[in-house]
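Under our numbering, the first residue of the sequence shown is numbered 1, with each subsequent residue one higher.
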Amino acid sequence: AYGKYILDFQLLSDAYSYGASNWFQLEIEDNYVVNISETEKYIQFVDETIEAKYKYDEYANRNKEIDSNMFGKIKKAFFQDTKVDFNSLIYFLSMFSSNGHILKLKQQKLLIVQGNVVTGKIENLAKYFEDNSDYSIENFYGILKFLAIDKERISANGVIPIWEKKKRDNKFSAKPIVVSYENIIFSPVILDRLEKDWTDGILNFILPYDIGMQNTLNVINNWKKFYEKQIVQNLRELFEGGRYVTYVEQELYKLDTKGNHPRDLGDYDLIVIDNKLKEVSLFEVKYMRLSQTMKDSMGDQKDYFFGKKAKGLKFKRRVEYFEKNLDVICNNINLDGKYTLKSYFLTNKIIKSSFVEFPFEIISFNEFKDN
(Lines of atoms letter the chains of each structure in order from A; the text may use other names.)
(Lines give C-alpha, C1' and ligand atoms only; values in the text may rest on other atoms or scores of the structure.)
Protein backbone atom coordinates (compact mmCIF):
# COMPACT_ATOMS: atom_id res chain seq x y z
CA ALA A 1 0.00 0.00 0.00
CA TYR A 2 2.81 2.42 0.86
CA GLY A 3 4.47 1.67 -2.46
CA LYS A 4 1.25 2.44 -4.29
CA TYR A 5 0.86 5.75 -2.44
CA ILE A 6 4.44 6.70 -3.27
CA LEU A 7 3.85 6.06 -6.97
CA ASP A 8 0.44 7.77 -6.92
CA PHE A 9 1.78 10.89 -5.23
CA GLN A 10 4.72 10.94 -7.62
CA LEU A 11 2.26 10.81 -10.52
CA LEU A 12 0.44 13.79 -9.01
CA SER A 13 3.70 15.64 -8.43
CA ASP A 14 4.86 15.17 -12.02
CA ALA A 15 1.49 16.18 -13.45
CA TYR A 16 1.06 19.28 -11.26
CA SER A 17 4.64 20.45 -11.74
CA TYR A 18 3.95 20.67 -15.48
CA GLY A 19 0.58 22.39 -15.12
CA ALA A 20 -1.92 19.51 -15.14
CA SER A 21 -3.78 20.86 -12.12
CA ASN A 22 -7.16 19.60 -13.34
CA TRP A 23 -6.22 16.01 -14.20
CA PHE A 24 -6.35 14.37 -10.76
CA GLN A 25 -8.27 14.83 -7.53
CA LEU A 26 -7.36 13.75 -4.01
CA GLU A 27 -9.98 12.81 -1.43
CA ILE A 28 -9.41 11.99 2.26
CA GLU A 29 -12.25 9.93 3.71
CA ASP A 30 -13.52 10.04 7.30
CA ASN A 31 -11.36 7.03 8.18
CA TYR A 32 -8.31 8.89 6.76
CA VAL A 33 -8.06 6.64 3.72
CA VAL A 34 -6.56 8.62 0.84
CA ASN A 35 -8.10 8.19 -2.61
CA ILE A 36 -6.54 9.58 -5.77
CA SER A 37 -8.69 9.52 -8.89
CA GLU A 38 -8.73 10.99 -12.37
CA THR A 39 -10.99 13.89 -13.25
CA GLU A 40 -13.50 13.72 -16.10
CA LYS A 41 -11.26 16.05 -18.11
CA TYR A 42 -8.32 13.65 -17.81
CA ILE A 43 -10.47 10.60 -18.59
CA GLN A 44 -11.80 12.33 -21.71
CA PHE A 45 -8.25 13.25 -22.78
CA VAL A 46 -7.04 9.65 -22.32
CA ASP A 47 -10.08 8.14 -24.05
CA GLU A 48 -9.65 10.40 -27.07
CA THR A 49 -5.93 9.58 -27.27
CA ILE A 50 -6.53 5.82 -27.00
CA GLU A 51 -9.27 5.96 -29.63
CA ALA A 52 -6.97 7.81 -32.02
CA LYS A 53 -4.14 5.31 -31.41
CA TYR A 54 -6.40 2.35 -32.18
CA LYS A 55 -7.85 4.04 -35.24
CA TYR A 56 -4.67 5.43 -36.79
CA ASP A 57 -1.75 3.71 -35.00
CA GLU A 58 1.63 5.47 -35.14
CA TYR A 59 4.03 6.18 -37.99
CA ALA A 60 6.17 3.07 -38.37
CA ASN A 61 7.94 3.43 -41.70
CA ARG A 62 11.34 2.03 -40.75
CA ASN A 63 14.36 1.63 -43.02
CA LYS A 64 15.87 -1.81 -42.28
CA GLU A 65 19.23 -1.00 -43.84
CA ILE A 66 19.60 2.24 -41.88
CA ASP A 67 18.42 0.57 -38.66
CA SER A 68 20.91 -2.27 -39.08
CA ASN A 69 23.77 0.14 -39.79
CA MET A 70 22.89 2.42 -36.87
CA PHE A 71 22.47 -0.48 -34.47
CA GLY A 72 26.02 -1.52 -35.36
CA LYS A 73 27.21 1.97 -34.47
CA ILE A 74 25.16 1.83 -31.26
CA LYS A 75 27.00 -1.31 -30.16
CA LYS A 76 30.38 0.33 -30.68
CA ALA A 77 29.30 3.48 -28.84
CA PHE A 78 27.79 1.38 -26.05
CA PHE A 79 31.14 -0.34 -25.53
CA GLN A 80 32.89 3.06 -25.43
CA ASP A 81 30.49 4.21 -22.70
CA THR A 82 30.30 1.04 -20.61
CA LYS A 83 33.24 -1.23 -21.57
CA VAL A 84 30.58 -3.95 -21.96
CA ASP A 85 29.86 -5.83 -25.19
CA PHE A 86 26.20 -5.12 -26.04
CA ASN A 87 25.47 -8.54 -27.58
CA SER A 88 26.86 -10.35 -24.55
CA LEU A 89 24.76 -8.15 -22.24
CA ILE A 90 21.58 -9.03 -24.11
CA TYR A 91 22.52 -12.72 -24.11
CA PHE A 92 23.14 -12.57 -20.35
CA LEU A 93 19.76 -10.93 -19.71
CA SER A 94 18.02 -13.40 -22.00
CA MET A 95 19.72 -16.45 -20.45
CA PHE A 96 19.03 -15.58 -16.83
CA SER A 97 15.44 -14.53 -17.51
CA SER A 98 14.69 -17.71 -19.49
CA ASN A 99 12.40 -20.17 -17.76
CA GLY A 100 14.28 -23.03 -19.41
CA HIS A 101 17.67 -21.93 -18.09
CA ILE A 102 16.28 -21.15 -14.62
CA LEU A 103 14.72 -24.63 -14.35
CA LYS A 104 17.95 -26.24 -15.58
CA LEU A 105 20.01 -24.31 -13.02
CA LYS A 106 17.54 -25.24 -10.29
CA GLN A 107 17.71 -28.94 -11.25
CA GLN A 108 21.51 -28.77 -11.11
CA LYS A 109 21.18 -27.17 -7.65
CA LEU A 110 22.99 -24.07 -8.89
CA LEU A 111 20.06 -21.79 -8.06
CA ILE A 112 17.66 -21.43 -5.15
CA VAL A 113 14.27 -20.24 -6.39
CA GLN A 114 11.93 -18.46 -3.98
CA GLY A 115 8.87 -17.14 -5.74
CA ASN A 116 10.09 -14.68 -8.36
CA VAL A 117 13.55 -14.24 -6.82
CA VAL A 118 16.57 -16.51 -7.36
CA THR A 119 19.91 -16.82 -5.60
CA GLY A 120 23.08 -18.51 -6.80
CA LYS A 121 26.84 -18.54 -6.32
CA ILE A 122 28.65 -16.18 -8.66
CA GLU A 123 31.33 -18.66 -9.70
CA ASN A 124 28.73 -21.33 -10.59
CA LEU A 125 26.69 -18.95 -12.72
CA ALA A 126 29.83 -17.59 -14.37
CA LYS A 127 30.86 -21.10 -15.43
CA TYR A 128 27.32 -21.88 -16.63
CA PHE A 129 27.33 -18.69 -18.71
CA GLU A 130 30.69 -19.57 -20.26
CA ASP A 131 29.68 -23.18 -20.96
CA ASN A 132 26.35 -22.23 -22.56
CA SER A 133 27.34 -19.24 -24.68
CA ASP A 134 29.99 -17.99 -27.08
CA TYR A 135 31.20 -15.51 -24.47
CA SER A 136 34.02 -15.71 -21.96
CA ILE A 137 33.97 -15.72 -18.20
CA GLU A 138 35.49 -12.21 -18.40
CA ASN A 139 32.35 -11.13 -20.26
CA PHE A 140 30.26 -12.50 -17.40
CA TYR A 141 32.10 -10.55 -14.72
CA GLY A 142 32.06 -7.36 -16.79
CA ILE A 143 28.29 -7.66 -17.24
CA LEU A 144 27.80 -8.47 -13.56
CA LYS A 145 29.67 -5.32 -12.57
CA PHE A 146 27.53 -3.33 -15.01
CA LEU A 147 24.23 -4.76 -13.72
CA ALA A 148 24.92 -4.94 -9.97
CA ILE A 149 23.30 -2.26 -7.83
CA ASP A 150 25.85 -0.15 -5.94
CA LYS A 151 24.63 -0.40 -2.36
CA GLU A 152 26.99 2.37 -1.24
CA ARG A 153 25.14 4.84 -3.47
CA ILE A 154 21.70 4.01 -2.05
CA SER A 155 20.38 6.50 0.48
CA ALA A 156 18.77 5.05 3.60
CA ASN A 157 16.58 8.10 4.11
CA GLY A 158 15.36 11.25 2.42
CA VAL A 159 13.79 11.54 -1.01
CA ILE A 160 14.32 8.81 -3.60
CA PRO A 161 13.72 10.50 -6.98
CA ILE A 162 11.95 7.55 -8.64
CA TRP A 163 10.61 9.93 -11.29
CA GLU A 164 14.09 10.91 -12.48
CA LYS A 165 14.67 8.57 -15.41
CA LYS A 166 17.54 10.17 -17.32
CA LYS A 167 19.97 11.03 -14.52
CA ARG A 168 19.68 7.88 -12.37
CA ASP A 169 21.59 4.77 -13.37
CA ASN A 170 21.82 3.19 -9.91
CA LYS A 171 18.22 1.97 -9.72
CA PHE A 172 16.75 -1.53 -9.64
CA SER A 173 15.09 -1.17 -13.03
CA ALA A 174 18.56 -0.67 -14.60
CA LYS A 175 20.80 -2.44 -12.03
CA PRO A 176 18.60 -5.39 -11.00
CA ILE A 177 21.26 -7.67 -9.47
CA VAL A 178 22.25 -7.67 -5.79
CA VAL A 179 25.69 -9.04 -4.93
CA SER A 180 25.87 -10.53 -1.44
CA TYR A 181 29.31 -11.93 -0.63
CA GLU A 182 29.82 -14.83 -3.10
CA ASN A 183 26.15 -14.88 -4.15
CA ILE A 184 23.98 -12.90 -6.54
CA ILE A 185 20.24 -12.31 -6.11
CA PHE A 186 17.91 -11.25 -8.90
CA SER A 187 14.43 -11.56 -10.38
CA PRO A 188 14.27 -13.17 -13.86
CA VAL A 189 11.20 -11.06 -14.64
CA ILE A 190 13.14 -7.83 -14.07
CA LEU A 191 16.01 -9.08 -16.25
CA ASP A 192 13.52 -9.81 -19.03
CA ARG A 193 12.08 -6.31 -18.74
CA LEU A 194 15.54 -4.75 -18.77
CA GLU A 195 16.43 -6.68 -21.93
CA LYS A 196 13.40 -5.12 -23.62
CA ASP A 197 14.27 -1.69 -22.19
CA TRP A 198 17.65 -1.86 -23.93
CA THR A 199 16.65 -3.47 -27.24
CA ASP A 200 13.19 -1.98 -27.83
CA GLY A 201 14.17 1.28 -26.16
CA ILE A 202 17.13 1.86 -28.47
CA LEU A 203 14.92 1.21 -31.52
CA ASN A 204 12.64 3.95 -30.18
CA PHE A 205 15.60 6.24 -29.36
CA ILE A 206 15.26 5.85 -25.57
CA LEU A 207 17.80 4.49 -23.09
CA PRO A 208 17.07 3.19 -19.59
CA TYR A 209 19.12 6.21 -18.45
CA ASP A 210 21.22 8.88 -20.14
CA ILE A 211 23.94 9.58 -17.60
CA GLY A 212 27.32 8.24 -18.72
CA MET A 213 25.95 7.23 -22.13
CA GLN A 214 26.98 10.25 -24.22
CA ASN A 215 28.56 8.31 -27.11
CA THR A 216 25.47 6.13 -27.41
CA LEU A 217 23.20 9.17 -27.19
CA ASN A 218 25.11 10.89 -30.01
CA VAL A 219 24.46 7.93 -32.31
CA ILE A 220 20.81 7.75 -31.24
CA ASN A 221 20.30 11.46 -31.97
CA ASN A 222 21.83 11.10 -35.44
CA TRP A 223 19.64 8.05 -36.04
CA LYS A 224 16.57 10.01 -34.99
CA LYS A 225 17.49 12.86 -37.36
CA PHE A 226 17.34 10.44 -40.29
CA TYR A 227 13.71 9.67 -39.45
CA GLU A 228 12.93 13.35 -38.95
CA LYS A 229 14.02 13.94 -42.54
CA GLN A 230 12.29 10.78 -43.77
CA ILE A 231 8.89 11.69 -42.34
CA VAL A 232 9.11 15.09 -44.06
CA GLN A 233 9.85 13.36 -47.38
CA ASN A 234 7.00 10.89 -46.82
CA LEU A 235 4.70 13.82 -46.17
CA ARG A 236 5.89 15.60 -49.28
CA GLU A 237 5.13 12.50 -51.35
CA LEU A 238 1.45 12.88 -50.42
CA PHE A 239 1.40 16.04 -52.54
CA GLU A 240 2.52 14.75 -55.90
CA GLY A 241 0.90 16.00 -59.08
CA GLY A 242 0.74 19.14 -61.16
CA ARG A 243 -1.58 21.00 -58.80
CA TYR A 244 1.00 21.09 -55.99
CA VAL A 245 4.21 23.03 -55.47
CA THR A 246 6.25 21.99 -52.42
CA TYR A 247 9.18 23.48 -50.54
CA VAL A 248 11.17 21.52 -47.92
CA GLU A 249 12.98 23.23 -45.02
CA GLN A 250 12.28 26.58 -46.59
CA GLU A 251 13.05 29.94 -45.00
CA LEU A 252 10.54 32.60 -45.95
CA TYR A 253 13.06 35.29 -46.85
CA LYS A 254 14.56 32.91 -49.41
CA LEU A 255 11.17 31.88 -50.82
CA ASP A 256 9.95 35.46 -51.12
CA THR A 257 13.01 37.54 -51.91
CA LYS A 258 10.92 40.68 -52.45
CA GLY A 259 9.27 40.66 -49.04
CA ASN A 260 12.13 41.76 -46.77
CA HIS A 261 11.04 39.16 -44.22
CA PRO A 262 12.86 38.68 -40.90
CA ARG A 263 15.70 36.19 -40.94
CA ASP A 264 15.12 34.91 -37.43
CA LEU A 265 11.77 33.24 -38.11
CA GLY A 266 13.34 29.85 -38.72
CA ASP A 267 12.45 27.56 -41.58
CA TYR A 268 9.17 25.89 -42.47
CA ASP A 269 9.64 22.11 -42.59
CA LEU A 270 7.24 21.86 -45.52
CA ILE A 271 5.26 24.43 -47.48
CA VAL A 272 2.62 23.09 -49.87
CA ILE A 273 0.86 25.27 -52.42
CA ASP A 274 -2.34 23.75 -53.82
CA ASN A 275 -3.10 25.70 -56.99
CA LYS A 276 -6.42 23.90 -57.50
CA LEU A 277 -7.95 24.67 -54.10
CA LYS A 278 -5.88 27.86 -53.81
CA GLU A 279 -4.49 26.88 -50.43
CA VAL A 280 -1.11 27.30 -48.81
CA SER A 281 -0.34 24.70 -46.13
CA LEU A 282 2.44 25.10 -43.58
CA PHE A 283 3.85 22.07 -41.77
CA GLU A 284 6.02 21.76 -38.70
CA VAL A 285 7.12 18.11 -38.58
CA LYS A 286 8.50 16.38 -35.48
CA TYR A 287 9.70 12.82 -34.97
CA MET A 288 9.10 12.28 -31.27
CA ARG A 289 10.40 9.62 -28.90
CA LEU A 290 7.97 7.37 -27.09
CA SER A 291 6.83 8.56 -23.65
CA GLN A 292 7.48 5.94 -20.96
CA THR A 293 6.48 7.81 -17.80
CA MET A 294 4.14 10.62 -16.75
CA LYS A 295 7.21 12.86 -16.54
CA ASP A 296 8.13 11.92 -20.14
CA SER A 297 4.60 12.74 -21.28
CA MET A 298 4.52 16.04 -19.41
CA GLY A 299 8.03 16.78 -20.65
CA ASP A 300 6.74 16.40 -24.21
CA GLN A 301 4.04 18.96 -23.43
CA LYS A 302 6.67 21.38 -22.12
CA ASP A 303 9.17 20.80 -24.94
CA TYR A 304 6.63 21.04 -27.73
CA PHE A 305 3.74 23.18 -26.52
CA PHE A 306 4.07 25.41 -23.46
CA GLY A 307 7.70 25.81 -22.36
CA LYS A 308 9.55 29.06 -23.04
CA LYS A 309 11.42 27.39 -25.92
CA ALA A 310 8.53 25.16 -27.00
CA LYS A 311 8.66 24.21 -30.65
CA GLY A 312 4.93 24.78 -30.97
CA LEU A 313 5.28 28.39 -29.82
CA LYS A 314 8.04 29.00 -32.37
CA PHE A 315 5.88 27.53 -35.11
CA LYS A 316 2.95 29.66 -33.91
CA ARG A 317 5.08 32.75 -34.52
CA ARG A 318 5.88 31.57 -38.05
CA VAL A 319 2.24 30.75 -38.77
CA GLU A 320 0.95 34.10 -37.50
CA TYR A 321 3.57 36.00 -39.49
CA PHE A 322 2.77 34.09 -42.69
CA GLU A 323 -0.97 34.61 -42.16
CA LYS A 324 -0.54 38.34 -41.56
CA ASN A 325 1.48 38.69 -44.77
CA LEU A 326 -0.28 36.00 -46.83
CA ASP A 327 -1.55 38.21 -49.64
CA VAL A 328 1.79 39.98 -50.05
CA ILE A 329 3.71 36.69 -50.06
CA CYS A 330 1.36 35.10 -52.61
CA ASN A 331 1.64 38.13 -54.87
CA ASN A 332 5.44 38.20 -54.60
CA ILE A 333 5.78 34.52 -55.58
CA ASN A 334 3.37 35.02 -58.49
CA LEU A 335 0.29 33.17 -57.25
CA ASP A 336 -2.88 34.30 -59.02
CA GLY A 337 -6.04 34.97 -57.06
CA LYS A 338 -6.91 34.76 -53.37
CA TYR A 339 -5.25 31.96 -51.37
CA THR A 340 -6.19 30.70 -47.92
CA LEU A 341 -3.80 29.37 -45.27
CA LYS A 342 -3.79 26.09 -43.36
CA SER A 343 -1.18 25.01 -40.84
CA TYR A 344 -0.31 21.71 -39.16
CA PHE A 345 1.98 20.52 -36.39
CA LEU A 346 2.54 16.96 -37.59
CA THR A 347 4.20 14.16 -35.61
CA ASN A 348 4.95 10.45 -35.84
CA LYS A 349 2.77 9.63 -32.83
CA ILE A 350 -0.60 10.58 -31.38
CA ILE A 351 -0.24 13.68 -29.23
CA LYS A 352 -2.35 16.70 -28.35
CA SER A 353 -1.62 19.98 -26.62
CA SER A 354 -3.16 19.55 -23.18
CA PHE A 355 -2.89 23.10 -21.85
CA VAL A 356 -2.38 25.58 -24.72
CA GLU A 357 -4.57 26.45 -27.70
CA PHE A 358 -2.81 26.99 -31.03
CA PRO A 359 -3.84 28.46 -34.40
CA PHE A 360 -2.85 25.22 -36.11
CA GLU A 361 -3.95 21.60 -36.04
CA ILE A 362 -1.84 19.08 -34.11
CA ILE A 363 -2.07 15.80 -35.97
CA SER A 364 -0.17 12.55 -36.48
CA PHE A 365 1.19 11.51 -39.87
CA ASN A 366 -1.25 8.61 -40.14
CA GLU A 367 -4.23 10.78 -39.15
CA PHE A 368 -3.33 13.31 -41.83
CA LYS A 369 -2.67 10.64 -44.45
CA ASP A 370 -6.01 8.88 -43.82
CA ASN A 371 -8.02 12.09 -43.80
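Glycine included, C-beta positions come from ideal geometry on N, C-alpha and C.
Just so you know, these numbers come straight off a predicted model, no measurement behind them.
Taking a C-beta distance under 8 Å as the contact criterion, residue 256 and residue 333 qualify as a contact pair. In the three-state reduction of the DSSP assignment, residue 364 falls in the strand class, which pools E and B. Within 10 angstroms of the beta-carbon of residue 26 lie fewer than 16 other beta-carbons, which makes it exposed. Per DSSP, the continuous alpha helix (DSSP H) segment holding residue 88 begins and ends at 86 to 95. Counting every other CB atom within 10 Å of its CB across the protein chains shown gives residue 252 a total of 16 or more, marking it as buried. Beta-bridge partners of residue 342 (DSSP): 281. In this structure, DSSP gives residue 36 an extended state, which the three-state scheme calls strand. In this structure, residue 364 lies near residue 349, with their beta-carbon atoms less than 8 Å apart.
Going by beta carbons, residue 126 and residue 112 fall outside the 8 Å limit. DSSP lists 34 as the beta-bridge partner residues of residue 28. The Cβ atoms of residue 345 and residue 362 lie closer than 8 Å to each other.
Only residues of its own chain outside the window of five on either side were considered, and among them 111 have a CB closer than 6 Å to the CB of residue 118, listed in chain order. In its chain, beyond the 5 residues on either side, 148 have a beta carbon closer than 6 Å to the beta carbon of residue 179. Counted as a single uninterrupted DSSP element, the stretch harbouring residue 201 is not any beta strand (DSSP E) but the alpha helix (DSSP H) occupying residues 188 to 203.
With fewer than 16 other Cβ atoms inside 10 Å of its own Cβ, residue 238 counts as exposed.
For the pair residue 305 and residue 353, the CB atoms are nearer than the 8 Å cut-off. In the DSSP assignment, residue 114 forms a beta bridge with 117. Residue state for residue 49 is assigned as helix, using DSSP reduced to three classes.
When C-beta atoms of the region 204 to 213 are compared with those of the region 47 to 62, fewer than three pairs fall below 8 Å, so the two segments do not count as touching. Straight across, the Cα-Cα distance linking residue 71 with residue 166 is about 21 Å. The three-state reading of DSSP puts residue 245 in strand, counting E and B together.
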